[in-house]
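Student: Residue numbers (my numbering): 1 to 337.
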Ligand code: SAH
Ligand code: SF4
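(1) Taking 7 Å as the cut-off, is the CB of residue 112 close to at least one heavy atom of the ligand SF4?
(2) Which residues mark the beginning and the end of the alpha helix (DSSP H) in which residue 136 is found?
(3) Reducing DSSP to helix, strand and coil, say where residue 215 ends up.
(4) For residue 93, which residues does DSSP report across the bridge?
(5) Would the region 116–123 and the region 165–183 be scored as touching if the rule is three or more Cβ pairs under 8 Å?
(6) Is residue 253 near the ligand SAH - that is, is its Cβ less than 7 Å away from at least one heavy atom of it?
(7) Is DSSP giving residue 188 helix, strand or coil here?
(8) Would you mind reading off the limits of the alpha helix (DSSP H) that contains residue 180?
(9) Any contact between the region 52–72 and the region 127–144? By contact I mean 3 or more CB pairs, one from each, below 8 Å.
(10) What are the partner residues of residue 3, as DSSP defines its beta bridges?
(11) DSSP state of residue 121, grouped into three classes?
(12) Alpha carbon to alpha carbon, how far is residue 130 from residue 77?
(13) Taking all protein chains shown into account, decide if residue 205 is buried (16 or more other Cβ within 10 angstroms of its Cβ) or exposed.
(14) Give me the Cβ distance between residue 107 and residue 150, rounded to the nearest whole Å; I'm assuming they're in contact under 8 Å.
(15) Which residues does DSSP pair with residue 158 in a beta bridge?
(16) Quick one: using the 10 Å Cβ neighbour count with 16 as the cut-off for buried, is residue 189 buried or exposed?
(17) What does the Cβ neighbour count give for residue 213, buried or exposed, with the cut at 16 atoms within 10 Å?
(18) Could you tell me whether the Cβ atoms of residue 83 and residue 102 are closer together than 8 Å?
(19) Do the region 236–251 and the region 285–302 touch if we need at least three Cβ pairs shorter than 8 Å?
(20) What is the DSSP secondary structure of residue 27, reduced to helix, strand or coil?
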């Protein structure tokens, strides 16, 4: 049995065609599932009994269990329990432009970035498509307001769960499902280069963010072990290809780690690295965690770094902070608990 929340409309169309049924039933079912938010196939009134009977033999309605909610100003963190007992977190943030949710894509993460709390637990498994969809659907229901933006920046490396993340994006973007515009969806990757090439061809309107965090391989090798597999040059080449195909601006995320990657020299090196690219840098004040020794850069150093990039004509922003009081900020989400 498959979760009804795990299937894209296209795949559900194929299911109906293979069952000698009408292709348009997929859209009908999606309207019931995502618009009317039914909990059982019995609630469907405009589809014949045989089709419903078959659907029930193949698909099921499942839900995540909300174990805990923590609230702070403009932010809510949800701890979910999955059907096998594993736990994940999602965070919803209230902005002036709408409401965004940060979803998890895996239980744990294998990339082993030295500064990240999410990665302290090795990957247990990938999340299934429905487990990602349900984070959005159930939070939306719980807050009783429409979520307008999705960032795939919770626990896990989305491109290490590529196929499921792609199906999730498809359902998120589908006007008959979560109906979130592609430009309101952002995927963040630590730099799995082959997948950046694939992604450019597949989802050209979805925002891509690259967790760069260092201006050279020497520093990046020390904090992100994935850099020993795909180094900075390979990432920059993939990003150039992505921009050429999609004509979209790429975000480079850069965590400010005190005395690690935050010097003036680093800022200049970063500017040289990305000069001329259709990209911008998002400087992230590091969220310190109890278990990891890295420190956040001083506010004055973050400003200096910002000014140097600006002077070099690099587009740069400093990320607004959310939820550090409830450990809901980027890099503070955990699969344990
Ligand atoms: N695995 C993906 C997406 C999840 S991490 C990735 O690495 O891009 C989301 C973002 O949070 C990444 O940019 C990550 O580097 C950053 N991050 C991790 N730990 C952090 C911390 N303690 N403080 C601030 N940002 C952190
Ligand atoms: Fe994984 Fe991203 Fe954390 Fe690195 S920063 S360990 S890739 S979740």
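All residues carry an ideal CB built from backbone N, CA and C; glycine is no exception.
Please read all numbers here as calculations on a predicted model, not as lab measurements.
Tutor: By the coordinates alone:
(1) yes
(2) Element bounds for residue 136: 129–143.
(3) coil
(4) 75 and 100
(5) no
(6) yes
(7) strand
(8) Segment: none, residue 180 is in no alpha helix (DSSP H) and carries neither H nor E.
(9) yes
(10) 60
(11) If DSSP states are grouped into helix, strand and coil, residue 121 belongs with coil.
(12) 19 Å
(13) Classification of residue 205: exposed, given that the 10 Å Cβ count is below 16.
(14) The Cβ separation is near 19 Å, so there is no contact.
(15) Answer is none; residue 158 lacks a bridge partner.
(16) buried
(17) buried
(18) no
(19) By the criterion of at least three beta-carbon pairs nearer than 8 Å, the region 236–251 is not in contact with the region 285–302.
(20) helix
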